[in-house]
Amino acid sequence: MGLDTRTLSTLHEKGSHEVADFEVPTGREEEWRFTPLRRLKGLHNGTADASGKVITEVSGPAEVKVETVGRDDERLGKAFVPADRVSAQAWSSFTEATVVTVPKEVEASAPVIIRRRGEDASGAAYGHTTIVLEPFAKATVVLTHRGSAVYADNVEFVVGDSASLSVISLQDWAGDAVHVSRQHARLGRDARFVSHNISLGGDLVRVSPSVAYAQPGGDAELYGVYFVDGGQHLEHRLLVDHTVPNCRSRVDYRGALQDQDAHAVWIGDVIIRAEAEGTDTYELNRNLVLTDGTRVDSVPNLEILTGEVAGAGHASASGRLDDEHLFYLQARGIPFDEARRMVVRGFLGQLVERIEVAEVREKVAEAIEAELDRPERDR
29 MGLDTRTLST
39 LHEKGSHEVA
49 DFEVPTGREE
59 EWRFTPLRRL
69 KGLHNGTADA
79 SGKVITEVSG
89 PAEVKVETVG
99 RDDERLGKAF
109 VPADRVSAQA
119 WSSFTEATVV
129 TVPKEVEASA
139 PVIIRRRGED
149 ASGAAYGHTT
159 IVLEPFAKAT
169 VVLTHRGSAV
179 YADNVEFVVG
189 DSASLSVISL
199 QDWAGDAVHV
209 SRQHARLGRD
219 ARFVSHNISL
229 GGDLVRVSPS
239 VAYAQPGGDA
249 ELYGVYFVDG
259 GQHLEHRLLV
269 DHTVPNCRSR
279 VDYRGALQDQ
289 DAHAVWIGDV
299 IIRAEAEGTD
309 TYELNRNLVL
319 TDGTRVDSVP
329 NLEILTGEVA
339 GAGHASASGR
349 LDDEHLFYLQ
359 ARGIPFDEAR
369 RMVVRGFLGQ
379 LVERIEVAEV
389 REKVAEAIEA
399 ELDRPERDR
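Heads up, the sequence shown is in the working numbering, so the first residue is 29 and it goes up one at a time.
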């Protein structure tokens, strides 16, 4: 598979499965200017030692088919084209892939859980996952990432006509982990896709979710929650490409940052092509800065190539805790620390409550509480 000459957007000018089709990033490129390349441990330039190991375990209901396949399986790579060098390197380097198939008209009776656990961060590992929902199927998939690793992977979601897929991706790595992931969804006619990306752990995590519409009527909702501690770099780069008429998308990502050199990056690209009349889209990113010494880069981009849209908009806001909110709570006898926690809980909790799987929802809420309860000396 070679160069894809289709323009993905003005910021994603080409796609290819071949590593050689991408220049080695220098940090001056738009798609890499916020990422500290020296902390990628060679994932971006081909110098990574491919001796790392990430263990994959999958569990799910009996009606869902789970397979481990080789790279020659014809179902792999049909729904996406890598848009950067690390994604292409991951495509070229994995040896086995996980394929999950939900048959036509089947509603999965329980979530499919894909657990990934890194065993050390001294060498790099690569992975590939394909999730296929056949027409009129319905399922929830949970991906969890834990342990120490240097890991690059691609995840493709193929959502058939009138199918419905909910995905929860939890990045809860150990503090030395590096994870670069591309997650791409292709939606059929009247298909529904809901994505929750929760990034909490790791030294450097860069997740790039994208959505493409194959037929009219597709509906995509992309939600994200992240909590960035001192020294962490958590980056989310989204692309929603409206190429057909009468589709809908909603994006809402929210993060909190605390302590020195905590760095959050959110890039939201939405394209409405000339042929995508009737598109309804809105994207939002909000960041809550809890201490001095943090950095937020939030860049929404909306490209509209037709005047016939149902709605289109974007917004981005980053700021400190609202003094009026804190004063209101303290005036009612609530101590400052508890008032601070209440505001953050409310800010992030609106998205946490949307997570459909109760076990994951509770773990995320507990992790946020733990972050807020940590003494400053332990951060």
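Beta carbons: idealized from backbone N, C-alpha and C, even for Gly.
Q | C-alpha distance - Ala304 paired with Ala398, whole-angstrom precision | A | Counted from its first residue, the sequence shown places residue 304 at position 276. Counted from its first residue, the sequence shown places residue 398 at position 370. Rounded to the nearest angstrom, the two C-alpha atoms are 44 Å apart.
Q: Determine the DSSP secondary structure at Arg405, reduced to helix, strand or coil.
A: The residue labelled residue 405 in the question sits at position 377 within the sequence shown. Note that Arg405 has pLDDT 38, beneath the 50 cutoff, so the model's placement of it is unreliable and no number is given.
**Q.** Collapsed DSSP secondary structure at Leu316 in the structure displayed
**A.** Working through the sequence shown from its first residue, we reach residue 316 at position 288. Looking at Leu316 - three-state DSSP - the assignment turns out to be strand.
Q | Ala284 - partner residues in DSSP beta bridges | A | For this step, residue 284 is matched to residue 256 along the sequence shown. Ala284 pairs with Phe255, Leu316.
Q) Can you tell me whether Leu318 is buried or exposed, with buried defined as 16 or more other CB within 10 angstroms of its CB? A) Working through the sequence shown from its first residue, we reach residue 318 at position 290. That one is buried.
Q.
For Ser227 and Gly175, I'd like the C-alpha separation in whole angstroms.
A. Along the sequence shown, read from residue 1 onward, the residue named residue 227 stands at position 199. Along the sequence shown, read from residue 1 onward, the residue named residue 175 stands at position 147. Taking the straight line joining both Cα atoms gives about 14 Å.
(Q) Using CA atoms only, rank isn't needed, just tell me which of Glu57, His156, Leu193, Gly203 is closest to Ala12. (A) The requested residue 12 is not part of the displayed model; the chain covers only 29 to 407.
Q) The beta strand (DSSP E) with Trp294 in it runs from where to where? A) Against the sequence shown, residue 294 aligns to sequence position 266. Run containing Trp294: 291 to 300, per the beta strand (DSSP E) assignment.
Q | Beta-carbon gap between Gln286 and Phe255 smaller than 9 Å | A | By one-based count along the sequence shown, residue 286 stands at place 258. By one-based count along the sequence shown, residue 255 stands at place 227. Cβ distance < 9 Å, so Gln286 and Phe255 count as in contact.
(Q) I believe Ser344 touches Pro328 by the beta-carbon criterion, under 8 Å. Please report the beta-carbon distance rounded to the nearest angstrom. (A) Stepping through the sequence shown from its first residue, residue 344 is reached at position 316. Stepping through the sequence shown from its first residue, residue 328 is reached at position 300. Going by Cβ atoms, the distance from Ser344 to Pro328 rounds to 5 Å, so yes, they are a contact pair.
Q) What are the start and end residues of the beta strand (DSSP E) that includes Val52? A) To locate residue 52, count along the sequence shown from 1; it is residue 24. No beta strand (DSSP E) holds Val52; DSSP gives it neither H nor E.
Q.
Buried or exposed, going by whether 16 or more other CB atoms sit within 10 Å of the CB of Pro237?
A. Within the sequence shown, the letter at position 209 stands for residue 237. Its Cβ being crowded by 16 or more others within 10 Å, Pro237 is buried.
Q. Where does Ala191 sit, in a helix, a strand or coil, going by DSSP?
A. Walking along the sequence shown from the start, residue 191 turns up at place 163. Coil.
(Q) Let me check one thing: in DSSP terms, what residues is Glu331 bridge-paired to? (A) By 1-based counting over the sequence shown, the position of residue 331 is 303. Beta-bridge pairing links Glu331 to Ile299.
Q | Coil, strand or helix - Asp365 by DSSP | A | Here residue 365 corresponds to residue number 337 of the sequence shown, with the count starting at 1. The answer is helix: DSSP assigns Asp365 an H, G or I state.
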